[in-house]
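Take a look at the structure set out below.
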Amino acid sequence: MGVKMLSILQKFDRVFRVKINTILLTDLERIWLEKLLKKSMAQIGLGEIELNEDCYKTFIAGINQLNLNYPLDYLVGNVNFLGKNFLINEHTLIPREETEYFVKYLKEKGYCDGELLVDVGAGSGVIGISMSHDFKRVICTDISKEAISVCKQNTRLNGINNLTCVVANCLDNKLLQDSINEANDWSLVANLPYLPIREKKEAYINKVSYEPDIALYSGKDGLDIFRVLVLQISQLKLPSVLMFELDPNNINKAYKMISDLGYNIRIINDIYGRCRFVIGQLKNAGV
Ligand SMILES: C[S@@+](CC[C@H](N)C(=O)[O-])C[C@H]1O[C@@H](n2cnc3c(N)ncnc32)[C@H](O)[C@@H]1O
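Just so we're aligned, residue 723 is where the sequence shown starts under this note's numbering, counting upward by one.
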């Protein structure tokens, strides 16, 4: 079974009385046990607990997956992002604390306000859903129909009723473009894949090997999809505000591309002091 910290004390019909040597649990295994049992370690006490057969099997399978560096967040299947609960699975990126920091920043500094917000590369929907209270309407787009399915579930889970989900290559969708044309003004936020493809060989070391490639990599320099998006934006009515999370190594290139569209740019550092976020305000929008 490969789980050394657990011994079966008694076996009833479909129920196991087990002793878990909690001292031997790693931090992740401890959290896994707490989440699975919906109890704190204080409540679990000395580790003598009863697990029904399904729970027992889930616990063992989870421990074995954690040993293979499988992310705890996928195992648990949901994350907290700015106080809201979000379902996630292997089709969605595990939301990053940098992104949470960025959304908090945008809300605090008053960038979240307006008629329409389009969240491009929405994944589980953490950004669009967290900003949905500040806009009249939000559209989340993602090229992955599986991710959009999770985004829809999260929209329902969080009781959001002004948000639409669309499968699209960035902004390439007729209904989406019609909505943009009908709005008096619109804003765009995007956390698209931004890693250069060469980083794929370091995925295991960087602990991202279980996350979807489509959520991580974007061509040779990490900017392929960003370039597609910028081109699409240039062909539409320009958004008043652009908000991007990017690879710090590409901030200067992104700066140039966005300012060429006619935006005043602000660069924001992430929690580790790296230039990661770019905010553009349309020059003639008078913002
Ligand atoms: C880095 S993840 C970000 C997910 C989410 N916004 C977040 O911050 O957690 C990038 C997302 O962009 C999506 N994506 C990749 N290529 C895309 C494209 N061409 N158009 C739209 N979405 C794309 C991926 O499926 C993935 O969900």
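All C-beta atoms, glycine included, are put in the ideal place defined by N, C-alpha and C.
Can you tell me which of 904, 943 and 759 puts its alpha carbon nearest to the alpha carbon of residue 777?
Taking the first residue of the sequence shown as position 1, residue 777 is located at position 55. Looking at the Cα atoms, 759 is the closest of the given residues.
What would DSSP say about residue 744, mapped onto helix, strand or coil?
Along the sequence shown, read from residue 1 onward, the residue named residue 744 stands at position 22. Three-state DSSP puts residue 744 in a helix.
In three-state terms, what does DSSP make of residue 916?
Position 194 of the sequence shown, counted from the start, is the residue given in the question as residue 916. Residue 916: coil per DSSP, three-state reduction.
Do you know how far the Cα of residue 946 is from the Cα of residue 938?
Indexing the sequence shown from 1 puts residue 938 at position 216. Indexing the sequence shown from 1 puts residue 946 at position 224. Looking at the two C-alpha atoms, the distance is approximately 12 Å.
When the distance is taken between beta carbons, is residue 742 closer than 7 Å to residue 769?
For the purposes of this step, residue 769 is taken as residue 47 along the sequence shown, with counting starting at 1. For the purposes of this step, residue 742 is taken as residue 20 along the sequence shown, with counting starting at 1. Taking 7 Å as the Cβ cut-off, residue 769 and residue 742 qualify as a contacting pair.
What is the C-beta distance between residue 979 and residue 911, in whole angstroms, given that I count them as a contact (C-beta under 8 Å)?
For the purposes of this step, residue 979 is taken as the residue at position 257 of the sequence shown. For the purposes of this step, residue 911 is taken as the residue at position 189 of the sequence shown. With a Cβ gap of about 17 Å, residue 979 and residue 911 do not count as contacting.
Which residues does DSSP pair with residue 991 in a beta bridge?
As a working mapping, residue 991 is identified with position 269 in the sequence shown. Paired residues: 997.
Could you name the residues that DSSP lists as bridge partners for residue 730?
If you number the sequence shown from 1, residue 730 lands on position 8. Residue 730 is bridged to 740.
In terms of DSSP beta bridges, what is residue 859 paired with?
To locate residue 859, count along the sequence shown from 1; it is residue 137. Paired residues: 838.
For residue 723, which three-state DSSP category applies?
Indexing the sequence shown from 1 puts residue 723 at position 1. A caution first: residue 723 carries a pLDDT of 46, below 50, which makes its placement in the model too unreliable to give a value.
Helix, strand or coil for residue 1003 per DSSP?
Taking the first residue of the sequence shown as position 1, residue 1003 is located at position 281. In the structure shown, residue 1003 sits in a strand (DSSP, three-state: E or B).
What three-state label does DSSP hand residue 802 in the structure shown?
Working through the sequence shown from its first residue, we reach residue 802 at position 80. In this structure, residue 802 counts as strand in the three-state DSSP scheme.
Do you know whose CA, among 963, 957, 847 and 870, lies nearest residue 880's CA?
Along the sequence shown, read from residue 1 onward, the residue named residue 880 stands at position 158. With distances taken between Cα atoms, residue 880 lies closest to 847.
Under a Cβ-count criterion, where at least 16 other Cβ atoms within 10 Å of its own Cβ denotes burial, should residue 849 be classed as buried or exposed?
Position 127 of the sequence shown, counting from 1, holds the residue named residue 849. Counting Cβ neighbours within 10 Å, residue 849 comes out buried, since at least 16 surround it.
At a threshold of 6 Å, does residue 945 count as lining ligand 1 (C-beta to nearest heavy atom)?
Residue mapping note: residue 945 aligns to position 223 of the sequence shown, counting from 1. No, the beta carbon of residue 945 sits no closer than 6 Å to any heavy atom of ligand 1.
My output table needs one value for residue 753: the three-state DSSP class, helix, strand or coil.
For the purposes of this step, residue 753 is taken as the residue at position 31 of the sequence shown. Note: residue 753 maps to helix in three-state DSSP.
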